[in-house]
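Right, one structure below, let's go through it.
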Amino acid sequence: MNQITLNITNVSAVDMTSVYTYLIHTDNEYTNQIVVGQSLPEGVDFVCFKSSERAGKTIVIDKDVKALQDIVDVIQTAKNTDAYDVAMHGCPIACDADMTELYTLATFVANTLRIACPQILMISDMGMVGAAGMAGLALNAGGTDCRTTMILLNSQVSFTEQCKSLIHEMRHAWQHEKHQIRFYGKDNEKYRYWTDYPEDKKQAYYLQKAEIDAEAFAWRVMKDTFGADYTGTKHYDEVNRKLKLEMLQMPRLDLLA
Ligand SMILES: [Zn+2]
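Start counting the sequence shown at 165; every next residue gets the next number (this note's numbering).
This is how it looks when you write it as structure tokens:
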């Protein structure tokens, strides 16, 4: 068993809030990365792999393991198992990532926004899943299901950037789950992706309703929770102006208070 291909773009929506809460409270020192909903070979419930230097593992769980208790049981078994040698084709996971603080933040955001917490995966080469410089990327369930199932974070950017990106992407998850029509339209017809805009029209991408709301929310939380001020940091003045206006209209939100 050394050729496993992860299918991270097609992960069904699983609420990870309870799984993360469990992990935060049971993993000593080092919280492992968890990926559920994968197509593993017949009869295999999980595989795990790890980096050579660090203690962390990435535990990949089969799609047939769905119930929270079953997921928790599999994680428990996997944590006590020696890591397999698994070839990760086309999926540059940063398997030495300690997820403790990101999972803590994610559960706070999920509980605050009352949404199902998506999976979080640390990626060492965003170029293979989007664009190299991207801090984060949200993946949706696909088909008619627009819910966010997984958030990819760039392991190469600073921890603060990862936090802001996580909050931004989880706000997109909230938009899809609670206000799909307002922000995206029934079939996402109101929204266009970064790559849809030509190089000289990128400002219009940031000015979209969904992007302004997501980034303003991230600014709000980063300021109130961590004291980080992002006002004026965007490349376009018009974007900065709109973001500040939107942020000031949002209620203060200290997640750790
Ligand atoms: Zn966005």
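Note that beta-carbon positions come from the ideal geometry of N, C-alpha and C, so glycine has one too. Since the model is a prediction, treat every value here as computed from it, not as a measurement.
Between V238 and D209, the gap from beta carbon to beta carbon is short of 9 Å.
Within the DSSP bridge table, the entry for V211 names V224 as partners.
Note: M286 is bridge-paired with L317 in the DSSP secondary-structure output. Those residues having their beta-carbon less than 7 Å away from any non-hydrogen atom of ligand 1 are, in chain order, H332, E333, H336, A374, E375, A378, E379.
Nearest neighbour of A280 by Cα position, chosen from Y361, N304, R384, turns out to be N304. Between T313 and P282, the C-beta spacing is below 9 Å. When DSSP reads this structure, I257 sits in a beta bridge with I287.
By the Cβ rule, the segment 226–244 does not count as touching the segment 255–269, because fewer than three pairs are nearer than 8 Å. Ranked by Cα distance from K406, the first of T276, K365, A378, A296 is A378. Secondary structure at D401: helix, using DSSP grouped into helix, strand and coil. Exclusion of the five residues before and after L204 leaves D226 as the residues of its chain whose Cβ lies within less than 6 Å of its Cβ.
The continuous stretches of alpha helix (DSSP H) do not include A295, and DSSP gives it neither H nor E. Here the segment 185–194 makes no contact with the segment 289–296; the two share fewer than three CB pairs at distances below 8 Å. The beta carbon of G396 lies closer than 6 Å to those of N404 in the same chain, with the five residues before and after it left out. Non-local C-beta neighbours of K354 in its own chain, meaning closer than 6 Å and more than five positions away in sequence, comprise Y348, ordered along the chain.
Taking C-alpha positions only, L266 is separated from C327 by approximately 7 Å. In terms of CA proximity to I198, M263 leads the group A177, A299, G391, M263. DSSP places V199 in the uninterrupted beta strand (DSSP E) bounded by 197–202. Around the beta-carbon of S329, 16 or more other beta-carbon atoms lie within 10 Å, marking it buried.
Pairing A302 with A337 gives a Cβ-Cβ distance under 9 Å. When the beta-carbon positions are compared, R384 and R416 come within less than 9 Å of each other.
With 16 or more other CB atoms across the displayed protein chains lying within 10 angstroms of its CB, H332 is buried.
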